[in-house]
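To convert a position in the sequence shown, counted from 1, into our numbering, add 337. Scroll down for the structure; my scribbles are underneath it.
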Amino acid sequence: MPNLHQKKAANLRFLPQGSGRRARYARFLRGAVACLPPRQRQTAQLCLLRGYTLRRAAQELGVSESTASRRLQAAIGQLERMAELFQQLEEDREL
Numbered sequence: 338m339p340n341l342h343q344k345k346a347a348n349l350r351f352l353p354q355g356s357g358r359r360a361r362y363a364r365f366l367r368g369a370v371a372c373l374p375p376r377q378r379q380t381a382q383l384c385l386l387r388g389y390t391l392r393r394a395a396q397e398l399g400v401s402e403s404t405a406s407r408r409l410q411a412a413i414g415q416l417e418r419m420a421e422l423f424q425q426l427e428e429d430r431e432l
């Protein structure tokens, strides 16, 4: 059963298919992750873009799982705010 972080990551990574929107969103997500503060960026790259589990990401980064979890939660919060802006731009683009 997926954990909360995996569910949130899945919600961030995928939009409905259609007219290249998925590809644009994938490019957006990579760019948005690159804009995060360094510690959040490292955790998000591992968990959201490379598919690492939280445990594996924590080991890779040399931090506790709770630290990695806090960093990932902060990153997801920022990415969700950026995604809202992206979706608004996409809607405006389709008008």
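The beta-carbon is built from N, C-alpha and C at its ideal position, and this holds for glycine as well.
With a cutoff of 8 Å on beta-carbon distance, Arg408 and Arg430 are scored as not near each other. When DSSP assignments are scanned along the region 360-426, the uninterrupted stretches of alpha helix (DSSP H) that are 4 or more residues long and fall wholly within it turn out to be 375-381, 391-398. Note that the C-beta distance between Glu402 and Arg392 is below 8 Å.
The beta carbon of Phe365 sits closer than 6 Å to those of Phe423, all from its chain and outside the five residues before and after it, given in chain order. The alpha-carbon of Ala405 is positioned some 14 Å away from that of Gly414. Contact between Leu385 and Val370 holds: their C-beta atoms lie close to 7 Å from each other, under 8 Å.
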